[in-house]
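Enquirer: Sharing a structure, written as structure tokens. Questions coming.
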Amino acid sequence: MPTIQIKGGRIIDPDTERDEVGDLWIADGKFAAGPAPSADVVVDARGLIVCPGLIDVHVHLREPGQEEDETIATGAASALAGGVTSVACMPNTLPPIDTQAAAEFVVLQGRRARKANVYPVGCVSKGRKGEELAGLGQLVAGGAVAFTDDGAPVSNAGLMRRALEYSKMFDLVIMQHCQVMELTVGGVMNEGFESMRLGLGGMPAAAEDIMVARDIRLAEITGGRIHVQHISTARAVELVREGKRRGIRVTAEACPHHFSLTDERLRTFDSNFKMNPPLRTSEDVAAVVEGLKDGTIEILCTDHAPHAREKKMRELDQAPFGIVGLETLLPITVTHLIEPGHLSWLEAIRKMTVNAARLINIPKGTLRPGADADVTVIDPATTWTVDPAKFLSKSRNTPYAGWEVRGRAHTVLVDGEIRHTLGGIVSEAG
Amino acid sequence: MPTASSAADSRPPSAGGPDSAPSSTAWTRKHLLGLEDLSREEILAVLDTAESFSEISRRSRKKVPALQGRIVFNLFFENSTRTRTSFSLAAKRLSADTQDFSAQVSSLSKGETFIDTAKNIEAMGCDLMVVRHPTPGAPHLLSQHVSSAIINAGDGAHEHPTQALLDLMTIRRAKGKVEGLTVALLGDIAHSRVARSNIWGLLKLGAKVILCGPPTLVPKGMERLGCEVAYRLEDVLPRCDVINVLRIQFERQQGGLFPSVGEYSQFYMMTQDRVRQAKPDLLILAPGPINRGVELTPEVADGKHSAILDQVGNGLAVRMAVLYLLSGKMEAGPSAD
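Here the protein sequences come in this chain order: X and B.
The numbering used here puts the first residue of the first sequence at 29, with every later residue one more than the last.
The numbering used here puts the first residue of the second sequence at 9, with every later residue one more than the last.
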């Protein structure tokens, strides 16, 4: 394998609290401790940020079963274009990832695609039906890095309790889509002033809050690890903050749409603003930002949810929930968290690297010597316009079409191999 | 061939109507999607135009040539009898060709999206689509994908602009004005598009709006629109000049919002007893279809305070006015000769 020198970049590695201009050396697909005598490939990173490859712990790659929306190959390519070198994909496929064989299929398709690293998340319950535990141990054997019934919350408190207890033997986290379904029947958007005005079915913030409260308490009595997916309400952020203060093993993630958009967007009746959890109010957005600032929310991710155009171009109540996010994670983080001064580059990158790696127990998200050489080289200053037609994802359902944004993944390495680049900075020695 | 100037020539009054021609200069819109978007002036422009069309309905020859050569499609993705009939008749009186399309007989059940359906209809030749759909925003979505003018004939619980316009017309005719009146919307506010359109229209014309119904049917936040919210009808009855009795939208409810129809009627049905507690000149409206014995008693529905049948006639005039105003904004169609 070629020896690579990434030269003159601002190296940011939250795992080692490193933030300095320097060179990064890669040999045999791993980070090297120091300079080699010569480099086969030189990446000129002057003016750019060099950080561990970003990790997205919440994506839907739709394979198997809904390949018209996305495949593992197109999703993993979309990840690379967004600077993401590892993804954890949700098990709500057809069939769901609730067996060792299904998990192994995801791993295999990821290897075949040879884009971003693809990690399967296994189901909590058989068939995502919320009735009995899936074979968690077998899923782990198949490569699962966490468990969730994402999309369908584990409604049965008894089952959730068992899942939190049983998963302790793998020290893997239960990721929960927190929603009390009885409170969201017929819901299309956040319940509040905007839903009242538009005559659309509402999903109250309390539906999320109540489930977050329940699951934190269950984590407390079991000692299991609960992870609150796509946190979106002010009260839920407060509950997680309080849970952490009490020493409970609770973590949380936030997605760009929940800190950059509010439910007022639904006035356009554009289904690209329909997701679950729904866009909330400006008070909720402020609370999510505050949670990101004070560390209550330690993870940034996308909930990348591709849907083919013909499915999304429907009446609002017929259109499925969800938006693509992999190719806009970084710029929306730049424009809505870093540039306004809510997070430093180091803190923002921390939430997309080492914190994510620790959540799903993978040896990634670091520039330490010997680790897999997954690197994202970011151009922090470039201004560009989001054009869904240029996405590498198979789907185009983004709420950010036409937005002028800043910051973009320039060159992306996985296992010491350049797998994505906008060009112009890579040169190969004689 | 209809052009901008010939459209002006075909104004209803020139076909033998009142001397003062209704001015359509306040009207610049291609679509009528809701009353939230309209200004007070635009609402008044529709009402004034409707008044002159109302006169036409009393003639022995009820047809004017304003929309000759135009094709109006009624796209109804949800059941309706009176609104569709009213629009059809309004279009016919303006000499448009009309065609009905309803979802039950369409290819929607074969998986075609409603946007595809509308595009197909447009390909057959269509100038104006009257759209009813169970989903809020469906007409708005359609307006982005077809080039026909769109009239929202009711989108879920969102808006039903022509219903509110005819309610306003009925109030204005009975009371001589809307400004300064106290108007209560009674019953199922949450699921009612009629309520939302009425709220916008009434507030813009300067009425005081009271929303009265059980708390499960009056969504939180309605006060922020500038309305008063009340749960007990007896508390507001004496102050009302107008009560608009809304139908319970059983088809849009998730169920269990009140214990029983009987209990609902006990608290909110307009009865002769309750009418006696109100002002002597109380005006009672109901958008229909009404559930006699649930929302109001037959005596009240047919009584001297009721304007229910006036509403139907005014609905025709309002829909003629809307079709007429929108047709002035249409591009010149293919030659009618």
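Yeah, the Cβ is synthetic: ideal placement off N, Cα and C, and Gly gets one too.
By the 10 Å Cβ neighbour count, where 16 or more other Cβ atoms means buried, how is B:V113 classified, buried or exposed?
Expert: Here residue 113 of chain B refers to the residue found at position 105 when the second sequence is read from its first residue. Since pLDDT at B:V113 reaches only 41, below the 50 mark, its modelled position is unreliable, and no value is offered.
Enquirer: Mind pulling the alpha helix (DSSP H) runs of 4 or more residues that sit fully within the region 160-217 of chain X?
Expert: 164-169, 185-194
Enquirer: Less than 8 angstroms between the C-beta atoms of B:E122 and B:F85, yes or no?
Expert: The residue labelled residue 122 of chain B in the question sits at position 114 within the second sequence. The residue labelled residue 85 of chain B in the question sits at position 77 within the second sequence. According to the sequence provided, residue 122 of chain B is Phe. The question's Glu does not apply to it. Going by beta carbons, B:F122 and B:F85 fall inside the 8 angstroms limit.
Enquirer: Report yes if the C-beta distance between X:A336 and X:E96 is below 8 angstroms; otherwise report no.
Expert: On the first sequence, residue 336 of chain X is found 308 positions in, with the first residue counted as 1. On the first sequence, residue 96 of chain X is found 68 positions in, with the first residue counted as 1. For X:A336 and X:E96, yes; Cβs fall inside 8 angstroms.
Enquirer: Determine the direct distance from the alpha carbon of X:D345 to that of X:K302, and round the result to whole angstroms.
Expert: Numbered from 1 along the first sequence, position 274 holds the residue referred to as residue 302 of chain X. Numbered from 1 along the first sequence, position 317 holds the residue referred to as residue 345 of chain X. Spanning the two alpha carbons is a distance of roughly 9 angstroms.
Enquirer: Measure the C-alpha to C-alpha separation of X:A457 and X:D68 and round it to an integer number of angstroms.
Expert: Here residue 457 of chain X refers to the residue found at position 429 when the first sequence is read from its first residue. Here residue 68 of chain X refers to the residue found at position 40 when the first sequence is read from its first residue. Answer to the nearest angstrom: the Cα atoms are 5 angstroms apart.
Enquirer: Please name the residue in X:F175, X:A109, X:I77 whose C-alpha comes closest to that of X:A191.
Expert: Position 163 of the first sequence holds residue 191 of chain X. Of the candidates X:F175, X:A109, X:I77, the one whose C-alpha sits nearest the C-alpha of X:A191 is X:F175.
Enquirer: From the DSSP output, in three-state form, read off X:R74 for me.
Expert: On the first sequence, residue 74 of chain X is found 46 positions in, with the first residue counted as 1. X:R74: coil per DSSP, three-state reduction.
Enquirer: Please state whether DSSP places X:N120 in a helix, a strand or coil.
Expert: As a first step, residue 120 of chain X is located in the first sequence; it is residue number 92 there, counting from the start. It is coil, neither helix nor strand.
Enquirer: Do B:L55 and B:M357 come within 8 angstroms of each other at the CB atom, strictly closer than that value?
Expert: Since the first residue of chain B shown is 9 and the last is 345, residue 357 of chain B is not available in this structure.
Enquirer: From what residue to what residue does the alpha helix (DSSP H) around X:T250 run?
Expert: As a position in the first sequence, residue 250 of chain X is number 222, starting the count at 1. Per DSSP, the unbroken alpha helix (DSSP H) holding X:T250 starts and ends at 233-250.
Enquirer: Excluding the 5 residues flanking B:R92 on each side, which residues of the same chain have their C-beta closer than 7 angstroms to its C-beta?
Expert: For the purposes of this step, residue 92 of chain B is identified with residue 84 of the second sequence, where counting begins at 1. Correct list, in chain order: N82, F84, D108.
Enquirer: For the alpha helix (DSSP H) that contains B:M137, what are its first and last residues?
Expert: Translated into the one-based positions of the second sequence, residue 137 of chain B becomes position 129. No alpha helix (DSSP H) holds B:M137; the beta strand (DSSP E) holding it covers 136-141.
Enquirer: Suppose you measure from the CA of X:A399 to the CA of X:T324; what does that come to, to the nearest Å?
Expert: Here residue 399 of chain X corresponds to residue number 371 of the first sequence, with the count starting at 1. Here residue 324 of chain X corresponds to residue number 296 of the first sequence, with the count starting at 1. In a straight line, the C-alpha of X:A399 is about 28 angstroms away from that of X:T324.
Enquirer: Nearer than 7 angstroms: is that true of the beta carbon of X:R74 relative to any heavy atom of the ligand NAD?
Expert: This structure lacks the ligand NAD, and indeed carries no ligand of any kind.
Enquirer: Report all residues from its chain with a CB closer than 6 angstroms to the CB of B:S115; omit the five preceding and five following residues, and keep chain order.
Expert: As a position in the second sequence, residue 115 of chain B is number 107, starting the count at 1. Bear in mind that the predicted position of B:S115 carries a pLDDT of just 47, short of 50, making it too unreliable to give a figure here.
Enquirer: Please report how far the alpha carbon of X:D178 lies from the alpha carbon of X:R156, in whole angstroms.
Expert: Counted from its first residue, the first sequence places residue 178 of chain X at position 150. Counted from its first residue, the first sequence places residue 156 of chain X at position 128. Straight-line Cα distance between these residues: approximately 8 angstroms.
Enquirer: Report the three-state DSSP secondary structure of B:V113 (helix, strand or coil).
Expert: Locating residue 113 of chain B in the second sequence gives position 105, where the first residue counts as 1. Residue confidence is low: B:V113 scores 41 on pLDDT, short of 50, so the model does not pin down where it sits. No coordinate-derived value is stated.
Enquirer: Under a Cβ-count criterion, where at least 16 other Cβ atoms within 10 Å of its own Cβ denotes burial, should X:T411 be classed as buried or exposed?
Expert: On the first sequence, residue 411 of chain X is found 383 positions in, with the first residue counted as 1. X:T411 should be labelled exposed.
Enquirer: When the cut-off is 8 angstroms and only beta carbons count, does B:L83 lie next to chain X?
Expert: Here residue 83 of chain B refers to the residue found at position 75 when the second sequence is read from its first residue. So no, B:L83 is outside the interface.
Enquirer: Any idea what DSSP makes of B:N252, helix, strand or coil?
Expert: The residue labelled residue 252 of chain B in the question sits at position 244 within the second sequence. Residue state, collapsed to three classes: strand.
Enquirer: Determine the direct distance from the alpha carbon of X:F221 to that of B:G229, and round the result to whole angstroms.
Expert: For the purposes of this step, residue 229 of chain B is identified with residue 221 of the second sequence, where counting begins at 1. For the purposes of this step, residue 221 of chain X is identified with residue 193 of the first sequence, where counting begins at 1. Approximately 5 angstroms, taken between the alpha carbons.
Enquirer: Under 8 angstroms, Cβ to Cβ, is there at least one residue of chain X near B:D123?
Expert: Looking up residue 123 of chain B in the second sequence gives position 115. Per the sequence presented here, residue 123 of chain B reads as Ile, with Asp not at that position. Yes - at least one Cβ of chain X is within 8 angstroms of the one on B:I123.
Enquirer: Can you tell me whether DSSP reads B:D163 as helix, strand or coil?
Expert: One-based indexing of the second sequence puts residue 163 of chain B at position 155. B:D163: strand per DSSP, three-state reduction.
Enquirer: Within its chain, find whatever has a CB closer than 6 angstroms to the CB of B:L291; leave out the 5 residues flanking it on each side and keep chain order.
Expert: Here the question's residue 291 of chain B lines up with position 283 in the second sequence. Correct list, in chain order: A182, V250, A315.
Enquirer: Under 8 angstroms between C-beta atoms, does B:G229 make it to chain X?
Expert: Translated into the one-based positions of the second sequence, residue 229 of chain B becomes position 221. Yes, B:G229 lies at the interface with chain X (some Cβ there is under 8 angstroms from its Cβ).
Enquirer: On a CA-only basis, which of X:Q94, X:V268, X:Q33 is nearest X:P65? Give me that one, please.
Expert: Translated into positions along the first sequence, residue 65 of chain X becomes position 37. Nearest option by C-alpha distance: X:Q33.
Enquirer: Please check if any C-beta of chain X sits within less than 8 angstroms of the C-beta of B:P144.
Expert: Within the second sequence, residue 144 of chain B is the residue found at index 136, counting from 1. B:P144 counts as touching chain X.
Enquirer: Using a Cβ cut-off of 8 angstroms (strictly closer), state whether X:E338 contacts chain B.
Expert: The residue given as residue 338 of chain X occupies position 310 in the first sequence. Chain B, which has a Cβ nearer than 8 angstroms to the Cβ of X:E338, makes this yes.
Enquirer: Which residues in chain X sit within 7 angstroms of B:L149, going by Cβ to Cβ distance?
Expert: Translated into positions along the second sequence, residue 149 of chain B becomes position 141. Under the 7 angstroms cutoff, chain X gives F297, E343.
Enquirer: Residues of chain B with CB under 7 angstroms from X:G227, in chain order?
Expert: For the purposes of this step, residue 227 of chain X is taken as the residue at position 199 of the first sequence. Within 7 angstroms of the CB of X:G227, the CB atoms of chain B belong to P144, G164, A165, H166, R201, R204, in sequence order along the chain.
Enquirer: Against chain X, does B:R255 count as a neighbour if the rule is that its beta carbon must be under 8 angstroms from one of theirs?
Expert: As a first step, residue 255 of chain B must be located in the second sequence, where it is residue number 247. Judged by the 8 angstroms Cβ criterion, B:R255 is not in contact with chain X.
Enquirer: Using CA coordinates, which residue listed in X:M197, X:G444, X:G62 is at the minimum distance from X:T250?
Expert: Stepping through the first sequence from its first residue, residue 250 of chain X is reached at position 222. When only C-alpha atoms are compared, the closest one is X:M197.
Enquirer: Distance check for X:L167 and X:E236, CA to CA, integer angstroms please.
Expert: Taking the first residue of the first sequence as position 1, residue 236 of chain X is located at position 208. Taking the first residue of the first sequence as position 1, residue 167 of chain X is located at position 139. Taking the straight line joining both Cα atoms gives about 28 angstroms.
Enquirer: Check for me: the beta strand (DSSP E) holding X:K35 runs from which residue to which?
Expert: One-based indexing of the first sequence puts residue 35 of chain X at position 7. Here the beta strand (DSSP E) through X:K35 covers 32-41.
Enquirer: Using 10 angstroms around the beta-carbon of X:T44, count the other beta-carbons present and answer buried if the total reaches 16, otherwise exposed.
Expert: As a working note, residue 44 of chain X is residue 16 in the first sequence. Label assigned to X:T44: exposed.
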